[in-house]
Amino acid sequence: MKKIIALLFAVLLSLTAFTGTALAAPEFDGKVEPFAVLLMDADTGAVLYAKNADERVEPASTTKIMTLIIALEQADLDSVVTISAKAAGQRGSLLKVSAGEKIVMRDLLYGMMLASGNDAAMAVAEAVGGSEEGFAELMNKKAQELGMAHTHFVAPHGMHVENHYTTASDMAILTRYAMQNPDFAHIVAQASYTMPANNKKSAPWEVKNTNKLLHSDDQYYYKYATGVKTGSTPAAGDCLVSSATKDGMNLICLVFGDEFNGYRRWPLSAELFEFGFKNFRTLNIQAVMDAAGPVSVPVQGAAEDAPQTVQLSIKNAAGEYQTFDKDTADKIESGSLTSRITLSGGDALTAPVTAGSEVGTIDYLDDAGNLIYRGVLVAQESVEAASEPVPETSPAPSGTRSPVTRAPEGAGSGIGTLGWILIAVGGVLLILLILFSALLIARKRRYARRRARRRRPSQHSSQRGR
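FYI, the numbering for the sequence shown is 1 to 466, going by my numbering.
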């Protein structure tokens with residue numbers, strides 16, 4: 001009996017474990033030593049890996065990402081900037097410009113990002129914002145516009161100063177936004193740049209990018225890398241915001257607080273990129289929905305001379321692009337998902353229907369009934385209502401050519417068909433467990449009564465012998 005009960009418990013446990021791990025997402029199994037790390041799909045904003053992503057960190061020179069995007073959006077790139085004494089007197093990593101030197105804004109931006117020139121960053125801030133303080137106001141205004149709720153900037157270069165902070169999540173938002181600017185993406189992708197001669201320098205000079213992922217002759221070279229910025233101060237540790245593109249997928253990786261003399265940030269970023277490219281894909285979901293073709297549904301209460309059915313196009317509810325694990329992406333592209341239509345008026349639309357109006361949703365489900373993504377149904381034409389009431393009918397919506405199979409009514413609600421089967425099996429096993437337990441208790445009681453009967457005669461005999 002004990003063996004049977006143990007077996008039942010084992011079966012129930014295995015069923016629970018199966019339903020709980022059916023949709024386990026890929027997990028990065030590498031060693032992550034730096035304090036804050038984040039991997040993001042740049043096209044969708046989907047976070048593929050995160051560690052302490054919302055904890056406050058010092059951005060160091062990754063601050064220049066914000067400095068660059070503001071300059072690109074607000075400055076005349078062909079204007080000439082005269083380097084001030086304050087800019088020339090900055091410390092840390094430098095472009096090595098001098099007071100009175102005249103440099104074209106475009107060249108100054110290359111020097112700021114590749115050489116990580118703090119002097120160049122200050123010169124840009126003064127030229128665009130009027131002063132360091134004025135530029136900080138522009139930086140914080142932009143951060144607020146982008147939704148960087150846990151960020152505050154004080155300096156344009158990122159040198160340690162009180163009240164200058166951010167998070168990996170906020171810097172991912174900023175970098176994703178900035179990389180959409182073609183000039184920004186071009187500047188941060190360059191391994192080197194030749195600065196032209198000017199009034200203080202008689203010959204051109206070359207600056208090299210501090211991002212080791214971009215240099216083909218470096219041990220940390222990563223052939224898919226496309227940018228963006230390094231950072232390093234004693235207070236911040238070593239930092240790296242990088243980007244990479246492979247097979248049409250664009251990723252952003254952020255590493256803050258590398259305490260291994262800055263060497264772990266390079267291979268870790270490459271490892272995270274490989275993890276992302278191997279396990280995830282970015283799909284143009286709107287293109288998938290367009291390929292499905294329109295859905296045809298009946299209209300009740302329509303005028304006699306009006307269409308009795310209406311064609312509904314499918315609009316992606318979550319943006320043009322979405323990120324999926326590779327197995328799910330393959331199912332989407334192969335058309336092996338089922339779909340469930342929900343109309344705002346029930347099983348049919350009720351006239352009048354206006355062209356362009358959203359009239360329902362279509363859910364795409366996996367075999368277990370889990371929602372993978374959702375589309376919005378939009379009426380392609382208008383349908384006038386009848387002048388007199390028409391008896392209501394409830395015909396089921398019908399679809400035209402589609403790469404997905406329509407689910408039976410009720411499919412996909414809750415945990416799906418497979419889930420209900422597992423629950424039913426579990427319930428039967430639980431009932432059997434209760435019955436076996438009851439039989440065991442009854443057996444023990446019968447055994448106790450038989451023992452009691454055997455003892456009574458011997459007790460009487462003992463009393464007569466006294």
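Quick reminder that beta carbons are idealized off the backbone N, C-alpha and C, glycines included.
Fair warning: this is a prediction, and the values are worked out from it, not measured in the lab.
| Check | Outcome |
| --- | --- |
| Length at least 4, wholly inside the segment 145 to 231: the alpha helix (DSSP H) runs in chain order | 168 to 178, 182 to 188 |
| Sequence-distant residues of its chain with Cβ nearer than 8 angstroms to Ser192 (five each side left out) | Leu114, Glu206, Val207, Lys208, Asn209 |
| Segments of 4+ residues assigned as alpha helix (DSSP H) that fall wholly inside the segment 73 to 113 | 85 to 88 |
| Three or more C-beta pairs below 8 angstroms linking the segment 377 to 387 and the segment 312 to 320 | yes |
| Residues that Asn118 bridges to, as DSSP identifies them | According to DSSP, which records beta bridges pairwise, Asn118 is partnered with nothing at all. |
| Separation of Ala143 from Thr361, as counted between CA atoms | 35 angstroms |
| Proximal residues to Gly248 (C-beta, below 6 angstroms), its chain only, five neighbours per side dropped | none |
| Leu48 beta carbon less than 8 angstroms from that of Asp41 | yes |
| Per-residue DSSP class, three states only, for Pro298 | strand |
| Classification of Ser462 by the beta-carbon crowding that lies within 10 angstroms, buried from 16 upward | Confidence in Ser462 is poor, its pLDDT being 42 and thus under 50, which makes the residue's placement too unreliable to answer from. |
| For Lys246, three-class secondary structure by DSSP | strand |
| Cβ neighbour criterion (16 or more within 10 Å) applied to Thr328 | buried |
| Three-way DSSP call (helix, strand, coil) for Leu430 in this model | helix |
| Cβ-Cβ distance between Thr282 and Thr245 below 8 angstroms | no |
| Which of helix, strand or coil DSSP assigns to Lys315 | strand |
| Span separating the alpha-carbon of Val81 from that of Ala120 | 10 angstroms |
| Cys253 versus Pro352: straight-line alpha-carbon distance, rounded | 51 angstroms |
| Ala155 to Val57 span [Cα, whole Å] | 15 angstroms |
| Which listed residue (Ser61, Leu138, Gly92, Phe436) has its alpha carbon closest to that of Gln74 | Leu138 |
| Assigned secondary structure, Gln550 (DSSP; H/G/I helix, E/B strand, else coil) | Given a span of 1 to 466 for the chain in the structure shown, any question on residue 550 remains unanswerable. |
| Own chain residues within Cβ distance below 6 angstroms of Ala22, not counting five before or after | Note that Ala22 scores a pLDDT of 30, beneath 50, so its modelled location is shaky and nothing firm can be said. |
| Closest residue to Ala87 among Leu109, Thr67, Asn118 (Cα-Cα distance) | Asn118 |
| Candidates Thr194, Gly319, Tyr110, Tyr263, of which the one nearest Lys64 by Cα | Tyr110 |
| Cα-Cα separation between Leu432 and Gly426, rounded to whole angstroms | 10 angstroms |
| Host beta strand (DSSP E) of Phe324 (start-end) | 321 to 325 |
| N- and C-terminal bounds of the beta strand (DSSP E) containing Ala50 | 47 to 51 |
| Close beta carbons around Ala385, own chain, < 6 angstroms, minus the five adjacent residues each side | Gly301, Ala351, Pro352 |
| Beta bridge counterpart(s) of Asp43 as assigned by DSSP | In DSSP, Asp43 forms no bridge with anything. |
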